[in-house]
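Under my numbering, the first residue of the sequence shown is numbered 1, with each subsequent residue one higher.
We put the CB at the ideal spot given by N, CA and C, even for glycine.
To start, the structure under review is shown below, and the notes come after it.
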Amino acid sequence: MDIAKRGKGNPMRASATAKEGSNALGRGGNISPTEQALFDDAARFFPGGALGGNALAADARFVFDRGDGSRFWDASGNEYIDYVLCSGAMFLGHAHPAIQKAVADQVSRGTHAFAYLNETAIRLARRVMPHIRCAERIRFTTAGSDSTFHAIRLARAFTGREKILKFEGAYHGVHDYAQLSTAPKVSGNFPHGVPDTAGIPAGVQDLMLVAPFNDPETLASILAEHHQDIAAIIIEPIQRILHPKPGFLQAVRELTAKYGIVMILDEVVTGFRYGIGGAQGYFDVVPDLATYGKIIGGGLPVGAVAGRKDIMDQADPTNKGKPGYVYQNGTLQGHMLGCAASLATMDVLEQPGVYDNVFAMADKLREGLQKVFDRHNLGILVFGEGPMWHMLFTDKVPQDWREVIATDTKRMATFEAELLRQGLFILPNNRRFISIRHTQDDLEQTFEAADRAARIFKR
Ligand SMILES: Cc1ncc(COP(=O)(O)O)c(C=O)c1O
Numbered sequence: 001m002d003i004a005k006r007g008k009g010n011p012m013r014a015s016a017t018a019k020e021g022s023n024a025l026g027r028g029g030n031i032s033p034t035e036q037a038l039f040d041d042a043a044r045f046f047p048g049g050a051l052g053g054n055a056l057a058a059d060a061r062f063v064f065d066r067g068d069g070s071r072f073w074d075a076s077g078n079e080y081i082d083y084v085l086c087s088g089a090m091f092l093g094h095a096h097p098a099i100q101k102a103v104a105d106q107v108s109r110g111t112h113a114f115a116y117l118n119e120t121a122i123r124l125a126r127r128v129m130p131h132i133r134c135a136e137r138i139r140f141t142t143a144g145s146d147s148t149f150h151a152i153r154l155a156r157a158f159t160g161r162e163k164i165l166k167f168e169g170a171y172h173g174v175h176d177y178a179q180l181s182t183a184p185k186v187s188g189n190f191p192h193g194v195p196d197t198a199g200i201p202a203g204v205q206d207l208m209l210v211a212p213f214n215d216p217e218t219l220a221s222i223l224a225e226h227h228q229d230i231a232a233i234i235i236e237p238i239q240r241i242l243h244p245k246p247g248f249l250q251a252v253r254e255l256t257a258k259y260g261i262v263m264i265l266d267e268v269v270t271g272f273r274y275g276i277g278g279a280q281g282y283f284d285v286v287p288d289l290a291t292y293g294k295i296i297g298g299g300l301p302v303g304a305v306a307g308r309k310d311i312m313d314q315a316d317p318t319n320k321g322k323p324g325y326v327y328q329n330g331t332l333q334g335h336m337l338g339c340a341a342s343l344a345t346m347d348v349l350e351q352p353g354v355y356d357n358v359f360a361m362a363d364k365l366r367e368g369l370q371k372v373f374d375r376h377n378l379g380i381l382v383f384g385e386g387p388m389w390h391m392l393f394t395d396k397v398p399q400d401w402r403e404v405i406a407t408d409t410k411r412m413a414t415f416e417a418e419l420l421r422q423g424l425f426i427l428p429n430n431r432r433f434i435s436i437r438h439t440q441d442d443l444e445q446t447f448e449a450a451d452r453a454a455r456i457f458k459r
């Protein structure tokens, strides 16, 4: 396929399609005056010239212009195959026709009803709750961070305890209770966490305990000592690039049940990705609460907290002012555009074969990349399961965060910057995703781009 032809309709694209002698994918040194002007404006407007906490290297950064399926184009017209997919939110790929239609149909009928009842949100609850095993009740939120924050508050109110246990290397969002030991460069002694950002009060740090992932014995010993203070354990079923050892999630379930601790399964990444039933179905585990973001919104800001009726019903607003009432709200909750996109997402994901295809495509991607890296003797292991894939300079799949940082992550970041220059959007040292719209053609071009990157990297 002539991929240059896919980027039509933008005059800036002419410069990219005319990249004589260079590869059609990737930046290839091409920055148009328009894109440069946008970089310059961004540098004046935003801290660090960035919209949020992620910034790319100066020679690899881009201004997103347009996405379609598995690909996107920057403001200079350069084309990329997307394995970041907005941190996994775009499981349906960019600009999916079903989402476009659902949003367009909804927008003419109003966009939002300020967290008051609207039919779109009610239809969405009816649609997603049967897929979420723990869901006796649900609340829609506007992001994953919102969901984990509210789940933690519900758990504290329910148990009357204050401490929360999380796992080292896990990410649960931006709030103070989440920004501890998400990616520590220096390991603390368990169960003490290391703050990931300035601005977290010492009192909050005292309320958080940290345990190693995939280590039920250490978890059991921390709980034996601290259980009477712990309201919740929050856990990513697949923690970044770490898959749970068989039985680990079940051990967390048993220990939380034993001590009356609320188990919060953070399904922001796994929800609707590892099958329509998410990690609860995939790993056969039913938590007390589950949190959602990313896929559920179809690229729009929708998240959810779902779970046990007795815990969720603390947020019944008719009890406002009474003891035990938990405030759970947000101006944009139940947003009708988001809920419409979410319903369209369910239409797509409930089709037979969708997950089989994406799982098979991900297997082919891992196998093909491994072959390329082996051919060049790079010492990279490509691993993962289902629609997430990872790579590290290692010969064994890591089991916890400390095994991840023991690998040469700096060298991996250098290699990944080269992959990006070759047109594969892959975040340095992070998990990678694949959408239901990646094709065999994408895979073949990915292997070619990885081969070019490997040749340059070895020089
Ligand atoms: C497991 C997990 N929980 C929570 C969050 C926070 O979600 P959001 O960025 O939508 O606030 C993320 C984001 O990457 C996540 O991966």
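Item                                                                                                                        : Value
Beta-bridge partners of Phe-167, as assigned by DSSP                                                                        : Ala-211
Any non-hydrogen atom of ligand 1 within 7 angstroms of Thr-414 CB                                                          : no
Close-in-space but distant-in-sequence residues of the same chain around Glu-416 (CB under 6 angstroms, 5 per side omitted) : Ile-426 and Pro-428
DSSP beta-bridge partners of His-390                                                                                        : Phe-383
Heavy atom of ligand 1 within 7 angstroms of Ala-143 beta-carbon                                                            : yes
Counterpart residues of Ile-264 in DSSP-defined beta bridges                                                                : Ile-234 and Leu-289
Phe-272 beta carbon less than 8 angstroms from that of Pro-212                                                              : no
Rounded Cβ spacing between Ile-295 and Thr-345 (contact assumed at less than 8 angstroms)                                   : 7 angstroms
Simplified DSSP assignment, three categories, for Tyr-83                                                                    : coil
Ile-141, DSSP secondary structure in three states                                                                           : First, the residue type needs correcting, since residue 141 is Thr and not Ile in the sequence shown. In this structure, Thr-141 counts as strand in the three-state DSSP scheme.
Cβ neighbour criterion (16 or more within 10 Å) applied to Ile-122                                                          : exposed
Delimiting residues of the alpha helix (DSSP H) encompassing Asp-105                                                        : 97 to 107
Top-ranked residue by Cα proximity to Val-84, from Gly-260, Ala-58, Ala-75 and Gly-69                                       : Gly-69
With 16 other Cβ atoms within 10 Å as the buried cut-off, status of Thr-182                                                 : buried
Burial state of Ala-58 (16 or more Cβ within 10 Å)                                                                          : exposed
Where Phe-457 falls: helix, strand or coil (DSSP)                                                                           : helix
Gly-278: first and last residue of the uninterrupted alpha helix (DSSP H) it sits in                                        : 278 to 282
Distance between Gly-28 and Gly-21 (C-alpha atoms, nearest Å)                                                               : Caution is warranted here: a pLDDT of 35 is assigned to Gly-21, below 50, making its placement in the model unreliable, and the coordinate value is therefore given only provisionally. Spanning the two alpha carbons is a distance of roughly 10 angstroms.
Cross-strand partners of His-94 (DSSP beta bridge)                                                                          : Gly-69
Ligand 1 heavy atom lying under 7 angstroms from the CB of Glu-168                                                          : no
N-terminal and C-terminal residue of the beta strand (DSSP E) that Val-305 is part of                                       : 303 to 307
Straight-line Cα distance separating Val-404 from Gly-281                                                                   : 27 angstroms
Three-state class that DSSP yields for Leu-51 in the structure shown                                                        : coil
Closer than 7 angstroms: Val-269 CB and nearest ligand 1 heavy atom                                                         : yes
Contact the stretch 31 to 51 vs the stretch 70 to 82: 3+ CB pairs below 8 angstroms                                         : yes
His-172 beta carbon near ligand 1 (any heavy atom closer than 7 angstroms)                                                  : yes
Option nearest Thr-407 by Cα separation, candidates Gly-379, Gly-386, Arg-421 and Gly-423                                   : Gly-379
Where the alpha helix (DSSP H) through Val-397 begins and ends                                                              : Careful: Val-397 lies outside any alpha helix (DSSP H) and carries neither H nor E.
For Lys-451, three-class secondary structure by DSSP                                                                        : Going by the sequence as given, residue 451 is Asp instead of Lys. Residue state, collapsed to three classes: helix.
From Ala-362, Gly-297, Gly-169 and Ile-138, residue whose alpha carbon lies closest to that of Ser-187                      : Gly-169
Enclosing alpha helix (DSSP H) for Gly-368 [first to last residue]                                                          : 354 to 375
heavy atom of ligand 1 below 7 angstroms from Gly-307 C-beta                                                                : no
Closer than 7 angstroms: Thr-465 CB and nearest ligand 1 heavy atom                                                         : Any question about residue 465 goes unanswered here, given that the chain covers just 1 to 459.
Buried versus exposed, by CB contacts within 10 Å (16 or more), Gln-106                                                     : buried
contact_flag[the stretch 134 to 145, the stretch 298 to 318] where n(CB pairs < 8 angstroms) is 3 or more                   : yes
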